[in-house]
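This note's numbering puts the sequence shown at residues 44 to 271. Encoded as structure tokens, the structure appears first; notes follow it.
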Amino acid sequence: MTIRAVFFDLDGTLLDTASDLAHALNALLEAKGKPALPNDTIRRVVSDGAAALIKLGFNVDDSHESYAALREELLTFYHDNLSTHTQPFDGIGALIEQLNQHNIAWGIVTNKPWPYTAPLMQKHLFASEPSAVICPDHVQEKKPHPEALLLACKQSNCSASEAIYIGDHLRDIECGRRAGCDTIAVGYGYIPENEKHTDWNATHCVTHADELWPIIKTYIKKSHEEAL
């Protein structure tokens, strides 16, 4: 396999956004006269988006009459403070540098809408620009459907078989598998309670971002050997 691109999920894989999402939910809870929740409790559900946060904080779903207003207020709180505490996970910056040095494209495939993704990418600059940043705004179907990942491959001038997709949720691994990419499940992200990233049948599993580059290097070495 020739490796031409590495794609990342955003929240819980490339960037640690949980603290700012927790702050937004707790700000909304405070505004509604409710007690704050521990960050660790919120962290477990942030990968499932605003609906999961509203469910956790207020025990209502999208069928409830208050849901739409709560969601709008939550997203406003978050948008106004979305990069206060957010940082790349330890080891991600060095990984992007390695990809750049080896002329491997990198990009993002996320279910986070573009108005929240774009400001984060403007603030957090890496050694090279991403070849693709694909949000639900750019496709018809969200992950785990493979449409977004296949679009990222197209924009990066590679086939799915020449790409690796990295994520911290089962839907990421399903997305990669359905697209035809090898996958890496990361255990340092926002793993839902009672789930293990090692149970998702990813091509590889890691517990820390520092473990990603050694895996990617094996693909580079193999492609060099195949070229001989």
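C-beta atoms are modelled at their ideal positions from N, C-alpha and C, and glycine is treated no differently.
- Around the beta carbon of ASN69, 16 or more other beta carbons sit within 10 angstroms, so the residue counts as buried.
- About 5 Å separates the beta carbons of THR129 and THR60, which is inside the 8 Å limit, making them a contact pair.
- The beta carbon of SER62 sits closer than 6 Å to those of HIS128, all from its chain and outside the five residues before and after it, given in chain order.
- Each residue's CA atom was taken as its position, placing TYR159 and LEU125 some 8 Å apart.
- The stretch 97–165 is shown to contain whole beta strand (DSSP E) runs of 3 or more residues at 148–152, in chain order.
- In the three-state DSSP reduction, THR226 falls in the strand class (E or B).
- Put simply, the backbone Cα of PHE51 is about 14 Å away from that of GLU254.
- Taking C-alpha positions only, LYS260 is separated from ILE135 by approximately 15 Å.
- Only exposed fits PRO81, as fewer than 16 other CB atoms lie within 10 angstroms of its CB.
- With contacts defined by Cβ atoms closer than 7 Å, PRO179 and ASN154 form a contacting pair.
- The shortest C-alpha to C-alpha distance from GLY219 to any of HIS212, ALA74, TYR208 is the one to TYR208.
- Within a 10 Å sphere around the beta-carbon of THR241 sit fewer than 16 other beta-carbons, which makes this residue exposed.
- For TYR262, the secondary structure class from DSSP, reduced to helix, strand or coil, is helix.
- Counting C-beta pairs closer than 8 Å gives fewer than three between the stretch 189–205 and the stretch 89–105, which falls short of the contact rule.
- The beta carbon of TYR233 sits closer than 8 Å to the beta carbons of ASP54, GLY55, ALA61, ARG86, ARG87, VAL88, VAL89, SER90, ASP211, HIS212 from its chain, once the five residues preceding and following it are set aside; these are given in chain order.
- Inclusion of ALA245 and ILE263 in the CB contact set at 7 Å is not warranted, their separation being larger than that value.
- LEU142 is positioned such that its CB atom lies closer than 7 Å to that of VAL49.
- Counting only the Cα atoms, LYS185 lies some 25 Å from SER109.
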